[in-house]
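Residue numbers (the working numbering): -18 to 329.
Just so you know, even glycine gets a beta-carbon here, dropped at the ideal spot from N, CA and C.
The structure presented is a predicted model; accordingly, all values stated were derived computationally and were not measured.
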């Protein structure tokens, strides 16, 4: 049975592959105010394949005057266009849209830096590809925006969610799960804050590779199911250690968005809270799904000839091997991709 599971897993991995991954990378528009009505514009679009680019573009109001035309370069797997523009009302009340976003599955981040240090950050989606630039946001508005950013990031971060799913199966009991998840939360909150404030600086590519390897490690622990190992005896130690690395991953995502200089505490706290809200929602959803499945199987086993009675712990134990091989297979692929990327030669 394990061999069949491994074959099935690697078939899924090969079929999934990295194809189309570029279309999930967000576009990025940055507007830096340098004068009462002048802005430096940076437009970053992910490259698609070898020479192509995602079919998205910025649409600004007709009142915008281009002072310096766009200068485009290719760097880091993305096309960077820089230009200088002027708007009579400093863009307040202007509509900014990302044309073509509605045809993709990615988002676009728009970040505006005002002269007084305030920052406006907005996420545009295929369902809502345009927004009206408001006056400078209040602290409450900043907190709300970054809370949603945190929730969206954790729920879109498949690697982080799979790591948490593995922790659920390793913890097994309610008390151990609470302690294990709390350790993970505290650890990644520490490194998220330190890295976001610039106190701790770690390169992103090695961090991403280490995060993928942490999932491989947990998947192997589940597959081996040896109760005498440190992971099974003290899961909080492992969740806390790896939580430090996952916090650096969260900080990398927050770095792409940026923190408003005048509202750093509110934005950082709200983003961290959003990550925790999303994480708790995921854990609750997984446990609820397992409980419903166990209840249905138990009912079928008791009152019909189909299936057999089964408890929630027994169901989780029966799912350990499929989870270990499935998650481990995908995490191994991510690990190889991210490790190879560390040694990739630019332009090759």
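{"query": "Burial state of residue 332, where buried means 16 or more other Cβ atoms lie within 10 Å", "result": "Missing from the structure shown is residue 332; the chain here goes from -18 to 329 and no further."}
{"query": "Outcome for residue 137 when other beta-carbon atoms lying within 10 angstroms are tallied against a minimum of 16", "result": "exposed"}
{"query": "Beta-bridge pairing of residue 49 - partner residues as DSSP gives them", "result": "65"}
{"query": "Residue burial classification, residue 203 (beta-carbon count within 10 angstroms, cutoff 16)", "result": "buried"}
{"query": "Every unbroken beta strand (DSSP E) within the stretch 89 to 158, with a cutoff of 3 residues, ordered by chain", "result": "89 to 94, 100 to 105 and 111 to 113"}
{"query": "Per-residue burial, residue 253 [other beta carbons within 10 Å of its own, 16 or more giving buried]", "result": "buried"}
{"query": "Sub-8 Å separation of residue 294 and residue 84 beta-carbons", "result": "no"}
{"query": "For residue -12, three-class secondary structure by DSSP", "result": "A caution first: residue -12 carries a pLDDT of 43, below 50, which makes its placement in the model unreliable, though a value can still be read off. DSSP places residue -12 in helix when its eight states are reduced to three."}
{"query": "Uninterrupted alpha helix (DSSP H) stretches inside the stretch 204 to 283 (no shorter than 4 residues)", "result": "211 to 214 and 216 to 238"}
{"query": "Residue range of the unbroken beta strand (DSSP E) whose run includes residue 9", "result": "8 to 14"}
{"query": "Beta carbon of residue 102 nearer than 8 Å to that of residue 238", "result": "yes"}
{"query": "Among 100, 251 and 315, the one whose alpha carbon lies nearest that of residue 124", "result": "251"}
{"query": "Presumed contact (8 Å Cβ cut-off) between residue 90 and residue 27, rounded CB distance", "result": "Not quite, the Cβ-Cβ distance comes to about 12 Å (not below 8 Å), so this is no contact."}
{"query": "Under the three-state DSSP convention, the category residue 55 falls into", "result": "strand"}
{"query": "Same chain, Cβ closer than 8 Å to residue 222, five either side skipped, listed in chain order", "result": "168"}
{"query": "Top-ranked residue by Cα proximity to residue 119, from 99, 105, 313 and 131", "result": "99"}
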